[in-house]
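Chemist: Protein sequence lines correspond, in order, to chains E, P and G.
Numbering of the first sequence is given in our numbering, commencing with residue 1 and proceeding in unit increments.
Numbering of the second sequence is given in our numbering, commencing with residue 281 and proceeding in unit increments.
Numbering of the third sequence is given in our numbering, commencing with residue 355 and proceeding in unit increments.
No residue lacks a Cβ here, since even glycine has one placed at the ideal position from N, Cα and C.
The model shown is predicted, which means the values in this text are computed figures rather than measured ones.
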Amino acid sequence: MMQDIIHQYLRPSKKFPHVWCPGCGDGIVLSAIVRAIHSLGKSKNETVLVSGIGCSSRAPVYVDFPALHGTHGRALAFATGIKMANPELTVVVITGDGDGLAIGGNHFIHACRRNIDITAVVFNNSIYGMTGGQYSPTMKVNDYGATAPYGNIERPFDVCDLASAAGANFVARATAYHAIMLEKFIKMGIAKKGLSIIDVITPCPTLYSFYNKAGKNIDMMESIRDRTITIQKAEQLSDAEKEDKIVVGIFANRDFPEYTGIYSDLMERAKRSVKDEELL
Amino acid sequence: MAKKTKYLYIKKNWCKQCMFCVEFCPRDVIEVGEDGYPRIVDITKCRECTLCISLCPEFAIITEPEVTEQLEVR
Amino acid sequence: MLFYKLYKDEQGRKVGFLQGNEACLEAALIAGLKFFAGYPITPSSEIAAVAAEKLPMYGGRFIQMEDELSSMAAIVGASMTGKKTMTATSGPGFSLKQENLGYACLNEVPCVIVNVQRGGPSTGLPTQVSQGDVMQAKWGSHGDHPIIALSPSSVQEVVELTIQAFNFAEQYRNPVVLLMDETVAHMREKIVFPLAEETEIINRHHSEVDPQKYKPFDTSFGDIPPFENFGSEYRYFITGLIHDEYGYPTTKPLEVKNLLDRIHRKINDHTQQLSLFEQYQTEDAETLIISYGSPVRSCLGAMEAGRKKGMKIGVLQLKTIWPFNPEIFTKLPSKIKNIYVVELNMGQLILEIERVIKRKVNIQGINKYDGLFISDQEILKYLEQQQGKKS
Numbered sequence: 001m002m003q004d005i006i007h008q009y010l011r012p013s014k015k016f017p018h019v020w021c022p023g024c025g026d027g028i029v030l031s032a033i034v035r036a037i038h039s040l041g042k043s044k045n046e047t048v049l050v051s052g053i054g055c056s057s058r059a060p061v062y063v064d065f066p067a068l069h070g071t072h073g074r075a076l077a078f079a080t081g082i083k084m085a086n087p088e089l090t091v092v093v094i095t096g097d098g099d100g101l102a103i104g105g106n107h108f109i110h111a112c113r114r115n116i117d118i119t120a121v122v123f124n125n126s127i128y129g130m131t132g133g134q135y136s137p138t139m140k141v142n143d144y145g146a147t148a149p150y151g152n153i154e155r156p157f158d159v160c161d162l163a164s165a166a167g168a169n170f171v172a173r174a175t176a177y178h179a180i181m182l183e184k185f186i187k188m189g190i191a192k193k194g195l196s197i198i199d200v201i202t203p204c205p206t207l208y209s210f211y212n213k214a215g216k217n218i219d220m221m222e223s224i225r226d227r228t229i230t231i232q233k234a235e236q237l238s239d240a241e242k243e244d245k246i247v248v249g250i251f252a253n254r255d256f257p258e259y260t261g262i263y264s265d266l267m268e269r270a271k272r273s274v275k276d277e278e279l280l
Numbered sequence: 281m282a283k284k285t286k287y288l289y290i291k292k293n294w295c296k297q298c299m300f301c302v303e304f305c306p307r308d309v310i311e312v313g314e315d316g317y318p319r320i321v322d323i324t325k326c327r328e329c330t331l332c333i334s335l336c337p338e339f340a341i342i343t344e345p346e347v348t349e350q351l352e353v354r
Numbered sequence: 355m356l357f358y359k360l361y362k363d364e365q366g367r368k369v370g371f372l373q374g375n376e377a378c379l380e381a382a383l384i385a386g387l388k389f390f391a392g393y394p395i396t397p398s399s400e401i402a403a404v405a406a407e408k409l410p411m412y413g414g415r416f417i418q419m420e421d422e423l424s425s426m427a428a429i430v431g432a433s434m435t436g437k438k439t440m441t442a443t444s445g446p447g448f449s450l451k452q453e454n455l456g457y458a459c460l461n462e463v464p465c466v467i468v469n470v471q472r473g474g475p476s477t478g479l480p481t482q483v484s485q486g487d488v489m490q491a492k493w494g495s496h497g498d499h500p501i502i503a504l505s506p507s508s509v510q511e512v513v514e515l516t517i518q519a520f521n522f523a524e525q526y527r528n529p530v531v532l533l534m535d536e537t538v539a540h541m542r543e544k545i546v547f548p549l550a551e552e553t554e555i556i557n558r559h560h561s562e563v564d565p566q567k568y569k570p571f572d573t574s575f576g577d578i579p580p581f582e583n584f585g586s587e588y589r590y591f592i593t594g595l596i597h598d599e600y601g602y603p604t605t606k607p608l609e610v611k612n613l614l615d616r617i618h619r620k621i622n623d624h625t626q627q628l629s630l631f632e633q634y635q636t637e638d639a640e641t642l643i644i645s646y647g648s649p650v651r652s653c654l655g656a657m658e659a660g661r662k663k664g665m666k667i668g669v670l671q672l673k674t675i676w677p678f679n680p681e682i683f684t685k686l687p688s689k690i691k692n693i694y695v696v697e698l699n700m701g702q703l704i705l706e707i708e709r710v711i712k713r714k715v716n717i718q719g720i721n722k723y724d725g726l727f728i729s730d731q732e733i734l735k736y737l738e739q740q741q742g743k744k745s
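#1: Taking contact to mean 3 or more Cβ pairs, one atom from each stretch, closer than 8 Å, check whether the region 669-686 of chain G and the region 721-732 of chain G are in contact.
#2: Is DSSP giving M221(E) helix, strand or coil here?
#3: Check whether chain G comes within 7 Å of S13(E), counting only Cβ atoms and requiring the distance to be less than that.
#4: Taking the alpha carbon of N583(G) as the point to measure from, which residue in A519(G), K438(G), F390(G), N716(G) has its own alpha carbon closest?
#5: Under three-state DSSP, which class holds I7(E)?
#6: Compare the C-beta of P87(E) against all C-beta atoms of chain P and say whether one is closer than 7 Å.
#7: Name the chain E residues that come within less than 9 Å of G719(G), Cβ to Cβ?
#8: My guess is that L640(G) and N692(G) are in contact by the Cβ rule of under 8 Å, so how many angstroms apart are they, rounded?
#9: Which same chain residues end up closer than 7 Å to K242(E) when comparing Cβ atoms and leaving out the 5 residues on each side of it in sequence?
#10: Say whether chain E places a C-beta atom closer than 7 Å to the C-beta of F752(G).
#11: Only counting the same chain, and skipping five residues up and downstream in sequence, which positions put a Cβ closer than 6 Å to that of M440(G)?
#12: What span of residues does the beta strand (DSSP E) with V63(E) cover, start to end?
#13: What does DSSP give as the partner residues of C332(P) in its beta bridges?
#14: Can G374(G) and V538(G) be called in contact, C-beta distance under 7 Å?
#15: What residue from Q236(E), T95(E), F65(E) has the CA that sits closest to A71(E)'s CA?
#16: For the candidate residues G497(G), T443(G), V546(G), Q490(G), whose alpha-carbon lies nearest to that of P480(G)?
#17: For P137(E), which residues in chain G fall below 9 Å Cβ to Cβ?
#18: Who pairs with P318(P) in a beta bridge, going by DSSP?
#19: So who's on the other strand from G668(G), going by DSSP bridges?
#20: Determine which residues share a DSSP beta bridge with S51(E) and list them.
#21: Could you name the residues of the region 318-337 of chain P whose beta carbon sits closer than 7 Å to any beta carbon of chain E, in the order they occur along the chain?
#22: Please state whether DSSP places L280(E) in a helix, a strand or coil.
#23: Within 10 angstroms of the Cβ of V141(E), are there 16 or more other Cβ atoms? Answer buried if so, exposed if not.
#24: Quick one: list the residues of chain E neighbouring E349(P), beta-carbon separation under 7 Å, in chain order.
#25: Which residues of the region 41-54 of chain E have a Cβ closer than 8 Å to any Cβ of chain G? Give them in chain order.
#26: Which residue from S39(E), D199(E), L89(E) puts its Cα closest to that of G100(E)?
#27: Report the rounded CA-to-CA distance for I690(G) versus L642(G), giving the unit in angstroms.
#28: Is the Cβ-Cβ distance between P318(P) and C329(P) less than 7 Å?
#29: Quick one: Cα of S43(E) to Cα of V34(E), how far?
#30: Which same chain residues end up closer than 6 Å to H618(G) when comparing Cβ atoms and leaving out the 5 residues on each side of it in sequence?
#31: Kindly provide the ranges of any beta strand (DSSP E) runs that are 3 or more residues long and lie completely inside the region 652-728 of chain G, ordered along the chain.
#32: What residue does the alpha helix (DSSP H) around Q452(G) start on, and which one ends it?
#33: Could you give the uninterrupted runs of the beta strand (DSSP E) lying entirely in the region 530-564 of chain G, keeping only those of 3 residues or more?
#34: Between which residues of its own chain and S399(G) is the CB-CB distance below 8 Å, once the five residues before and five after are set aside?
#35: Can you check whether the C-beta of M281(P) is within less than 7 Å of a C-beta belonging to chain E?
#36: In chain order, what residues of the same chain lie with their CB nearer than 6 Å to the CB of L280(E), ignoring the 5 residues before and after it?
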C-alpha cells in the first residue's frame with residue numbers, strides 16, 4: 001500500500017527502531033517526505049537529503065537516499081553547493097527550528113532570497129531536544145524550557161512569514177498530526193521550481209512536555225490537532241483569538257525565477273562571449 | 281481486480297508504544313493489548329483510511345504480508 | 355572585469371602579467387575547477403572576481419554565498435557531486451571556515467581552501483602581509499584532523515602549487531589549504547602557464563564495486579577509500595559524527611580509534627610524497643635560512659648578497675608546510691652551524707623546526723609582524739649582527 005511505502009526506502013544496512021523518543025513526530029514527518037518523493041516518481045539515486053544537527057536532522061540516516069548529515073545550521077548551505085554543482089538532482093533539506101532558524105537563520109533567508117530549487121522541511125517543535133530542552137526561536141512567549149525557567153521572554157519567528165518575506169516560491173505549514181496534508185504540501189514543494197519551505201509543527205513529548213507540563217504523547221498530539229485552524233478561518237479571528245492557534249495552509253505559491261536556471265542562462269551568455277581559442 | 285484481503289500487522293520490536301494508532305483510529309480497529317503493545321481487534325471494521333500508518337512514527341505498521349516477512353528478519 | 359590579458363608564446367603556452375590571486379584561479383581552471391563558492395574578503399577578493407567571470411565560460415559555476423561558513427559548506431556539498439571545488443578567503447574568513455573544514459577532513463571530501471594571509475589577530479591589517487595563520491591551518495578546526503597545506507613564494511609558484519593542491523586533494527581525499535600571503539597575492543609577475551601535456555592532473559579515484567556493497571569509508575582498498583558521487587548509483591550517508599565504514603554514526607571505541615588512525619595515517623604515511631621543498635646552495639652552507647611563502651624571495655636576496663661578502667649562506671624553502679616533514683631537517687648537511695627561520699609572524703613554524711632538529715645547532719627566528727614585508731637587507735643585517743656577536 002502506498003501509505004507504508006517507507007518500508008521500501010529504509011536503508012538495508014541500518015538497524016531499527018530509530019533514535020527518536022516514543023510519540024515524537026519526526027518519524028511521521030519523515031514518512032510523509034518519503035511518500036511525497038515516491039509519489040513524484042523521483043529516483044532514489046538522484047534525490048539527495050541534506051540535514052543539519054538536532055533530532056530532526058537524524059532523519060536521513062534511515063532512508064536509502066544519498067544523504068549528507070552536515071554541521072549545525074548549515075544544511076541549506078551544503079544543499080546549495082550540491083544543487084549548484086549538479087542542478088539535475090532533487091535536493092530535500094531536513095532541518096529543525098533551532099538548526100534552520102537560529103544558527104542557520106542567515107542561510108535560511110538567503111536561500112529564500114536566491115530562490116534556489118531546494119525543498120526544506122522544518123521540523124518545528126519549538127525546542128532544542130537533543131541538547132536538553134532549551135528555548136528555540138519559534139518558542140512562544142511564556143513557554144518554558146531549560147534556559148527559560150521564568151518563561152520565554154523572546155518573541156518567536158513565524159517561519160512562514162519569514163520565508164514568504166524573504167522570497168521563497170512555495171511556503172506552507174502543516175502539522176505532524178495532519179500527515180496527509182503534510183505529504184501533499186511536501187509534494188507540491190518538491191514539484192515547485194524554486195525554494196520551498198514547509199513548516200511542520202511537531203510534538204516533543206519528552207522535553208517540551210516536561211518543561212511545559214503538556215502531558216503525554218497523545219495529549220500533545222491532540223493539542224496540536226485541536227489548535228489547528230486553516231488560513232481562511234484565521235482571517236476571521238482577532239489576534240488575541242489566534243494567539244494559541246496553529247495556522248495551516250499554503251502561505252505563498254508563486255513563480256519567481258529559479259536560481260540554477262538563471263545561472264544556466266548566465267553560463268550560456270558567458271560561453272558565447274569568448275572565442276574557443278581563448279579557452280585553455 | 282479482486283479486492284485484497286485486509287491485512288494489518290504491527291511490528292512489535294520497532295513499536296515504542298506511543299499509541300497514536302490506538303487513539304486516532306476512527307473505527308477502533310486497534311486497541312492496547314495485554315502486553316502493552318497495540319493489537320488488532322477486528323480487521324473487518326477497518327476502512328483502510330491509512331491514518332494509523334501515516335501517524336506511526338516508527339514505521340511499525342505494515343499492510344502487506346510479504347513486507348512483514350521481509351522486515352521480520354530485521 | 356579582468357585586469358589582465360593572456361597571450362600565447364611560440365610554444366603555445368599562455369603567458370601574462372598576473373597577480374598571484376589571478377594566477378591562482380587560472381591555475382585552478384587548468385586543474386579542473388568546476389565550482390567556486392566565496393565571500394568577499396581582502397586581500398583574496400580577486401580570486402572570487404576572476405572565478406565569477408571565468409568559471410561559467412568553462413562550464414563551471416560560481417556563487418557568492420551569504421557568509422564564510424556557508425561558502426565552505428557549499429564547496430563540500432558540491433564536491434560530493436564529483437566536482438573539483440575551491441573557496442578563497444583571508445584570516446577572519448579562515449577562522450569561520452574551520453567548522454566545515456573539519457567536516458571535510460572527517461568525511462574525506464576533496465576541496466581546496468585558499469587563505470591569503472593578512473595581519474591579525476581579529477580584523478587585524480586587512481591590506482597588509484602576514485604569515486600568522488600557519489598553525490591555524492593545522493590546528494584551526496577542533497579535534498585531531500589531518501591537513502595538507504602548501505605555500506607559494508612567487509606568482510609562478512602559485513600556478514604550480516594551486517594545481518598541486520587540487521591533485522593532492524583528489525589523490526588523498528583530503529582538503530588542501532593553499533597558504534598564500536598578501537604579498538604573493540597582489541604581486542604582478544610574468545607568468546607562463548604549462549601546456550596540458552606538461553601538467554599532471556589527478557582525478558578522483560572511483561571504485562568498481564557493486565553499488566549494493568559499496569561503503570564510503572571502506573578500508574579494504576587501503577587507507578584512501580574510493581569516492582563515489584552523489585547522484586550516481588552509489589547511495590550512501592555521510593555525517594560529521596564519528597562514523598563506521600558505512601558512514602553511520604558510531605561510538606564503539608575500536609571503530610572510533612581506527613577511523614582517526616586511518617585518516618591521519620593516509621597523510622602521515624605519504625609525508626615524503628607530499629613534501630615539496632627547494633634547497634639553494636646548501637651544500638657548503640654554514641648558515642641556513644629557512645622560510646616559506648613570499649619572504650623566500652628576500653632570503654634568496656640576502657643569500658646572494660651575503661655570499662658576495664664571503665658568508666656561506668644557504669636557503670631552504672618549504673613549499674609544503676603540512677604535513678611537516680622532519681626528514682628534511684635530520685638530513686641537513688653537518689656543516690650547518692646556524693639556522694635562521696624567517697617568518698612574517700611571531701614565530702610559528704620555528705617551533706616545529708626546533709622540535710625535529712636533535713643535534714646541537716643555533717636556531718633563531720627572524721620575525722616581522724608589523725604589516726610590512728621583510729627585505730633582503732633586513733635579513734642580511736640581522737645575520738651580520740649575529741655573526742659579529744660570535745666573532
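Modeler: For this structure:
#1: no
#2: helix
#3: yes
#4: Cα-wise, what sits closest to N583(G) is K438(G).
#5: Per the sequence shown, residue 7(E) should be read as His rather than Ile. DSSP places H7(E) in helix when its eight states are reduced to three.
#6: Cβ-Cβ to chain P under 7 Å: no for P87(E).
#7: Near G719(G) there are no residues of chain E at all, since even the closest Cβ is about 36 Å away, more than 9 Å.
#8: Leu is not the amino acid found at residue 640(G); the sequence shown has Glu there. Right, their Cβ atoms sit about 7 Å apart.
#9: A234
#10: With chain G covering only 355 through 745, there is no way to say anything about residue 752(G).
#11: A382, L387, F390, V466
#12: Segment: none, V63(E) is in no beta strand (DSSP E) and carries neither H nor E.
#13: DSSP output for C332(P) lists no bridge partner at all.
#14: Yes, the pair counts as a contact, with Cβ atoms nearer than the cut-off.
#15: Sequence check: residue 71(E) is Thr here, not Ala. For T71(E), the nearest C-alpha among the options comes from T95(E).
#16: T443(G)
#17: Result: empty, since nearest Cβ-Cβ is about 18 Å, beyond 9 Å.
#18: Beta-bridge analysis with DSSP links P318(P) to V312(P).
#19: L642(G)
#20: H69(E), I94(E)
#21: T330, I333, S334, L335, P337
#22: Confidence at L280(E) is low in this model, with a pLDDT of 49, below 50, so the placement of that residue should be treated as unreliable; the coordinate-derived value is given next. Looking at L280(E) - three-state DSSP - the assignment turns out to be coil, as it is neither helix nor strand.
#23: Exposed is the call here.
#24: Near E349(P) there are no residues of chain E at all, since even the closest Cβ is about 11 Å away, more than 7 Å.
#25: K44, N45, E46, V48, V50, I53
#26: D199(E)
#27: 7 Å
#28: no
#29: Taking C-alpha positions only, S43(E) is separated from V34(E) by approximately 11 Å.
#30: P500
#31: 667-672, 674-676, 692-697, 716-721
#32: 445-461
#33: Taking 3 residues as the minimum length, the beta strand (DSSP E) runs contained wholly in the region 530-564 of chain G are 542-546, in order along the chain.
#34: N375
#35: For M281(P), the predicted structure reports a pLDDT of 47, less than 50, and the residue's modelled location is therefore unreliable. A value from the coordinates is still provided. Not an interface residue.
#36: Summary for L280(E): the model assigns pLDDT 49, below 50, so the residue's position carries little reliability; its value from the coordinates is reported in the next sentence. Cβ within range, chain order: n/a, list empty.
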